[in-house]
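These notes are about the structure you will find just below.
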Amino acid sequence: MIFRAPEVIGHRGAGRGTVNGALENTAASFRAAVADGASWVEIDVRRSADGVLLIHHDAALPDGRVIADLPAAQSRAAGLLTLDEALEAIPPETGLDVDVKTVMEDATAAPGRSTVTLLLPYLRREARRRRVFVCSFDPAVLLAVQAEAPEVPTAWMPFVRNPLDQAVAGAAGIGCAIVAIDARSFGLTGDPDRPGRRSVGYTVDVAHRAGLEVLSWCPDPVDAARFAEAGVDAVVVDDVPGAVAALKGGEPDRSADPAAD
């Protein structure tokens with residue numbers, strides 16, 4: 001088992017955007033997530049033009065420059081952490097959810113220069129000292145990790161609101177240990193009803209029988225508690241203290257103010 005269900009994973013640290021003064025994917029955000037009770041921290045990893053792994057969700061810096069086109073020094077000057085710096089900021093007792101952001105140029109990268117190839121040595125090292133898994137929208141990343149670092153579990157993240165049928169079957173079909181499902185796919189946030197959409201409990205049951213653990217991103221604290229009750233193994237959240245309280249059966253802490261994407 002990967003998760004000690006149910007577990008809370010801090011999204012980009014303490015949450016997307018800026019939460020209580022901590023900007024996403026920064027050391028301050030990682031520390032805040034851990035202090036607020038997250039068992040895991042999710043980070044976004046992408047590469048620079050000169051093959052350095054950096055921590056950032058979007059493909060471009062706020063000024064529009066594409067990170068994959070820049071030497072790492074320019075992105076670092078803009079405030080981005082390197083992967084080494086991020087790993088130093090996250091305690092080894094905290095699990096690591098590595099969201100791999102591939103780039104178009106990976107298709108033509110020289111051997112050893114693609115995002116996932118650069119990441120593999122880090123994954124092998126981290127797997128010896130902490131719980132770690134890799135998630136990605138890109139199935140090629142997951143297949144590469146399975147082949148080259150089989151000790152590291154993989155999680156397929158289908159695209160937003162992808163049909164649950166395809167999400168569960170797809171994750172099982174490409175050999176993942178986890179299926180990571182956008183919370184909106186379950187239709188709990190005001191989506192119109194879709195004939196044939198399965199319930200959370202039914203989806204979790206099928207996934208578990210297929211040998212998958214189930215992660216959902218990013219429910220609010222109320223839905224996080226509902227998911228946990230239905231058997232979801234972990235939730236990636238933007239309100240860590242609220243989700244932790246909700247999973248313990250208490251009142252969610254509304255002091256966090258996650259920013260919108």
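Letter 185 of the sequence shown, counting from 1, is numbered 185 in full-length UniProt numbering, and no numbers are missing.
Note that the Cβ used here is the ideal one computed from N, Cα and C, for glycine as well.
These numbers were taken from a predicted model, which means no experiment stands behind them.
Where Thr26 falls: helix, strand or coil (DSSP): coil
Straight-line gap, His56 to Pro71 (C-alpha atoms, nearest Å): 14 angstroms
Opposing strand residues paired with Gly10 [DSSP bridges]: In the DSSP output, where bridge partners are listed per residue, Gly10 has Val41 and Val237.
Paired residues, beta bridge with Asp84 - DSSP: Answer is none; Asp84 lacks a bridge partner.
Residues of its chain near Ala228, where Cβ-Cβ distance is below 6 angstroms and the 5 sequence neighbours each way are ignored: Pro6 and Leu247
Own chain partners of Pro91 with C-beta closer than 7 angstroms, once the 5 adjacent residues on each side are dropped: Val34
Burial state of Thr111 (16 or more Cβ within 10 Å): Per the sequence shown, residue 111 should be read as Pro rather than Thr. Its Cβ having fewer than 16 others within 10 Å, Pro111 is exposed.
Where the alpha helix (DSSP H) containing Thr117 begins and where it ends: Thr115 to Ala127
Whole-angstrom C-beta distance between Ile178 and Phe133, which should lie under 8 angstroms: 6 angstroms
Three-state secondary structure assigned by DSSP to Arg131: The DSSP-derived three-state label of Arg131 is coil.
Run of the beta strand (DSSP E) containing Ser216, from where it starts to where it stops: Segment Glu213 to Trp217, the beta strand (DSSP E) holding Ser216.
Cβ contact (3+ pairs, closer than 8 angstroms) linking the segment 230-250 and the segment 215-222: The segment 230-250 vs the segment 215-222: in contact.
Inter-residue spacing [alpha-carbon to alpha-carbon] between Leu123 and Val152: 7 angstroms
Burial state of Pro158, where buried means 16 or more other Cβ atoms lie within 10 Å: With 16 or more other Cβ atoms from the protein chains shown falling within 10 Å of its own Cβ, Pro158 counts as buried.
Integer Cβ distance of Thr94 from Leu53, believed to fall under 8 angstroms: With 8 angstroms as the limit, Thr94 and Leu53 do not qualify as a contact, their Cβ atoms being about 19 angstroms apart.
Separation of Ala78 from Thr102, as counted between CA atoms: Our two residues, Thr102 and Ala78, have alpha carbons roughly 21 angstroms apart in a direct line.
Rounded straight-line distance, which links the Cα of Arg226 to that of Ala243: 11 angstroms
Three-state secondary structure (DSSP) of Arg47: If DSSP states are grouped into helix, strand and coil, Arg47 belongs with the strands.
Residue range of the unbroken alpha helix (DSSP H) whose run includes Val179: Note, Val179: premise wrong, no alpha helix (DSSP H); beta strand (DSSP E) at Ile178 to Asp182.
Assigned exposure category for Val66 - 16 Cβ within 10 Å defines buried: exposed
8 angstroms Cβ cutoff met for Ala38 and Asn20: no
Arg197 versus Asp223 - alpha carbon distance: Distance between the alpha carbons of Arg197 and Asp223 is about 17 angstroms.
Per DSSP, cross-strand counterpart(s) of residue 262: An answer regarding residue 262 cannot be provided, because it is not within the stretch 1 to 261 covered by the chain.
Val204 versus Ala167: straight-line alpha-carbon distance, rounded: The straight-line gap from Cα to Cα measures roughly 12 angstroms.
Ala224 at chain B interface by Cβ criterion, 8 angstroms: Given the protein chain composition of this structure (a single chain), no chain B is represented.
DSSP-derived helix/strand/coil call for Leu247: Looking at Leu247 - three-state DSSP - the assignment turns out to be helix.
Any non-hydrogen atom of the ligand GTP closer than 7 angstroms to Ala243 Cβ: The ligand GTP is not part of the structure shown, which contains no ligands of any sort.
Proximity of Ala230 and Val200 at Cβ, strictly below 8 angstroms: yes
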